[in-house]
Every structure is written in C-alpha cells, then in structure tokens.
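Residue numbers (my numbering): 6 to 157.
The beta-carbon is built from N, C-alpha and C at its ideal position, and this holds for glycine as well.
Structure first, commentary second.
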DNA sequence: GCCAACGTTGGC
DNA sequence: GCCAACGTTGGC
C-alpha cells in the first residue's frame, strides 16, 4: 500500500467535483511534470490512498481518495485545443500519463498548510520542503495518519 | 499582485 | 554540456 498527496486548484477541480462524479471517480489528467508523471505511471496501484490537497487561496488538505485505476495514457495530450495538448504525444509514445481517483471522504474541517507546518512529526514532509512544486508526491504512512488525526 | 523557486528551452 | 532566459507554480 502506497500513500500519496495530489494537488488541485479547487477552481479547476475540487474534492466536491470529484465527489459528484459518477461513482465518485474521475481521471487525474493534465499533469505535465516528469517526476509527477513517473509516480502515476510507475508506482501508483489500485487502492493506494490519496490526500486530496487544494492549492491556491486557502491551501489545505481537504479529504481522502483512493487510486481506482493505475497509470494509463493521458488522452488530453492528444486533444488539439486542449490546454494540455502536446504535439510530441503519439499513440505509440503517449509521454503523459494519468490515473483514476475515487472519492473517499471529505474532512469535516480542512487541514491548512499553515497548520501542517506547525506539526513536528511532519517536518520532513515533501509538501513542506522549500521550493517544492510537485503536484503529485508520495507521503509516508505516518504522515498520512498524522494528517487524518488532525482532521478529526 | 508579487516574487521565489523550479523546470524547460535554446543558443553557443 | 553549460547557462541565461523564460514560463509556470503556488505561497504569501
């Protein structure tokens, strides 16, 4: 079992959007960073747990999800006119990958980034490292559990 | 709105 | 292969 954190701008795609999708499931498209892609393509497994993070105005972990489908080609890379279109992507070499994510739970209260920074057990968390800009990143089981307990 | 940090691109 | 310039992310 792996644990992850996935960032999304709530204007673009929020945890409520995910919850309201059929079966609470949707594809996580549009990631255009190689390191993040590699996590999705190579390491995510069905049922892995995910912290859903809202970036932007009130950055916070807002709930949890599960990986519902392992890495597969991101079709938006091949859609001319899509914001995420990439001419280099072909059926033989899709370049960009995505996973499907299934809604699990929305926290009764969001756990803000500022709050996470105050927790000594989270000091080493990738999310909190200076300059970190990854939108998909691993978290440890301990970090995951710590954040769940903060949300209660 | 600003800006720090980072990844990518392209000239050399 | 280096590095300057640029675009983007994302916190504040």
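In terms of CA proximity to residue 80, 103 leads the group 68, 103 and 141. Here the region 29-38 lies against the region 92-106, with 3 or more beta-carbon pairs under 8 Å apart. The beta carbons of residue 87 and residue 14 sit about 17 Å from each other, so the pair does not count as a contact at 8 Å. Spatial neighbours of residue 111 in its own chain (CB-CB distance under 6 Å, excluding positions within 5 residues in sequence) are listed in chain order as 20 and 68.
Excluding residues up to 5 positions away in sequence, 20, 67, 68 and 70 lie with their Cβ nearer than 6 Å to the Cβ of residue 57 in the same chain. The C-alpha of residue 121 is placed about 24 Å away from the C-alpha of residue 33.
The beta carbon of residue 130 sits closer than 6 Å to those of 148, all from its chain and outside the five residues before and after it, given in chain order. Rounded to the nearest angstrom, the gap between the Cα atoms of residue 115 and residue 155 is 9 Å.
Rounded to the nearest angstrom, the Cβ distance from residue 9 to residue 47 is 13 Å, too far for a contact under 8 Å. Judged by beta-carbon spacing, residue 108 lies within the 7 Å limit of residue 24, meaning their Cβ atoms are closer than that value. For residue 113, the number of other beta carbons within 10 angstroms of its own is below 16, and it is reported as exposed.
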